[in-house]
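*Asks:*
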Amino acid sequence: GSNKCFSPHFFFIVKEFFFKCASHPTSQDERSVALDLVTLNSRKVPCLRFCRFRDVVVVFPCAERHVICLDCFRGYARTRLDERQFVHDRELGYTLPCPAGCEDSLIKELHHFRYDRYLRFGAEQCVLQLGGLLCPGRGCGAGLVSRTRRVECDMRAGCGLVFCRDCRGPYHQGCCAPVQKNGTTRRNCTCF
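First residue of the sequence shown: 1, per UniProt numbering; consecutive thereafter.
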């Protein structure tokens, strides 16, 4: 005999359930992405940074499975993004490793990051690698490619600022003003 029960009176319906954040409404057709590194800290592993236990943590994909609380992860990702220290991987693009510096610890699911800022970072890095620059206008940062010292930020994509490529100050004729850095005076311009 068979241990399976088949009856013409029963049928099975397969349904999928998704839990979505009520604070971030989405459309019915939109899929949620599972953040597989974010988990409940059932083993009560202390945060790598503060050595305190937190209920929800990010577990890095390193051999040691280092744990960092969500607040520390946000700070880590924000700081690395602000300081342009994301790591470029050929397959993953820009990502972050375990803060302890472990091998083979890159985050593969990029939705763990603030996606809008992450996308902007990738675009900015592309412009910089092509020899371009970012507009220094307050709140602008538009990517520009210019071979001349006089750079004008396009109003359609940016703020319209006209600035010097060498010193990033307002555009001027002649050499840039000397800049004091680490106790030494130097010029950023290419006029010498």
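Think of the CB as a built atom: it goes at the ideal place given N, C-alpha and C, for glycine as much as any other residue.
Here the structure is a predicted model, which is why all the values come from computation and not from measurement.
Select from Cys47, Ser105, Gln173 and Cys159 the residue whose C-alpha is nearest the C-alpha of Asp71.
*Replies:* Along the sequence shown, one-based indexing puts residue 71 at 71. Here the closest residue by C-alpha is Cys47.
*Asks:* Between Cys159, Ala63, Val58 and Ser146, which has its C-alpha nearest Cys102's C-alpha?
*Replies:* For this step, residue 102 is matched to residue 102 along the sequence shown. Among Cys159, Ala63, Val58 and Ser146, the Cα nearest to that of Cys102 belongs to Ala63.
*Asks:* Note the first and the last residue of the continuous alpha helix (DSSP H) segment covering Tyr94.
*Replies:* In the sequence shown, counting from the first residue as 1, residue 94 sits at position 94. No alpha helix (DSSP H) contains Tyr94, which is instead part of the beta strand (DSSP E) from Gly93 to Thr95.
*Asks:* Does Cys135 come out as helix, strand or coil in the three-state DSSP assignment?
*Replies:* On the sequence shown, position 135 is the one that residue 135 refers to. DSSP places Cys135 in coil when its eight states are reduced to three.
*Asks:* Could you have a look at Gly174 and say whether DSSP puts it in helix, strand or coil?
*Replies:* Numbered from 1 along the sequence shown, position 174 holds the residue referred to as residue 174. Correct three-state label for Gly174: coil.
*Asks:* Look at Gly137 and Leu161 and say whether their C-beta atoms are less than 9 Å apart.
*Replies:* The residue you call residue 137 lines up with position 137 of the sequence shown. The residue you call residue 161 lines up with position 161 of the sequence shown. Result yes, Cβ atoms of Gly137 and Leu161 sit closer than 9 Å.
*Asks:* Taking residue 198 as the reference, give the member of Pro99, Asp154, Leu134 and Val145 with the closest Cα.
*Replies:* An answer regarding residue 198 cannot be provided, because it is not within the stretch 1 to 192 covered by the chain.
*Asks:* Can the beta-carbon of Val179 be found less than 9 Å from the beta-carbon of Cys167?
*Replies:* The residue labelled residue 179 in the question sits at position 179 within the sequence shown. The residue labelled residue 167 in the question sits at position 167 within the sequence shown. Yes, they are a contact pair.
*Asks:* Pull up the distance between the alpha-carbon of Arg54 and that of Asn41, whole angstroms please.
*Replies:* Along the sequence shown, one-based indexing puts residue 54 at 54. Along the sequence shown, one-based indexing puts residue 41 at 41. Cα to Cα, the separation comes out at about 7 Å.
*Asks:* Which of helix, strand or coil does DSSP assign to Val179?
*Replies:* Residue mapping note: residue 179 aligns to position 179 of the sequence shown, counting from 1. Three-state result, Val179: strand.
*Asks:* For Ser105, count the other beta carbons within 10 Å of its own beta carbon; 16 or more makes it buried, fewer makes it exposed. Which is it?
*Replies:* Here residue 105 refers to the residue found at position 105 of the sequence shown. Label assigned to Ser105: buried.
*Asks:* Measuring only the C-alpha atoms, how far is Gly165 from Arg43?
*Replies:* On the sequence shown, residue 165 is found 165 positions in, with the first residue counted as 1. On the sequence shown, residue 43 is found 43 positions in, with the first residue counted as 1. The residue you asked about is not Gly; residue 165 is Arg in the sequence shown. Spanning the two alpha carbons is a distance of roughly 54 Å.
*Asks:* Can you tell me whether Cys153 is buried or exposed, with buried defined as 16 or more other CB within 10 angstroms of its CB?
*Replies:* As a working mapping, residue 153 is identified with position 153 in the sequence shown. Per the 10 Å Cβ criterion, buried.
*Asks:* Sorted by chain position, which residues of the same chain lie with C-beta nearer than 6 Å to Gly158's C-beta, five sequence neighbours on each side aside?
*Replies:* Here residue 158 refers to the residue found at position 158 of the sequence shown. Same-chain partners within the cutoff: Cys135, Cys140 and Ala142.
*Asks:* Between Ala177 and Leu144, what straight-line distance do the alpha-carbon atoms span, to the nearest angstrom?
*Replies:* Mapped onto the sequence shown, residue 177 falls at position 177. Mapped onto the sequence shown, residue 144 falls at position 144. Cα to Cα, Ala177 sits roughly 23 Å from Leu144.
*Asks:* Quick check on Val33: does DSSP put it in helix, strand or coil?
*Replies:* The residue given as residue 33 occupies position 33 in the sequence shown. Caution is warranted here: a pLDDT of 46 is assigned to Val33, below 50, making its placement in the model unreliable, and the coordinate value is therefore given only provisionally. DSSP places Val33 in coil when its eight states are reduced to three.
*Asks:* My output table needs one value for Phe50: the three-state DSSP class, helix, strand or coil.
*Replies:* For the purposes of this step, residue 50 is taken as residue 50 along the sequence shown, with counting starting at 1. Coil at Phe50, not helix or strand.
*Asks:* Take Val67 as the anchor and find which of Gly174, Phe163 and Val57 has the nearest alpha-carbon.
*Replies:* As a first step, residue 67 must be located in the sequence shown, where it is residue number 67. Nearest C-alpha to Val67: Val57.
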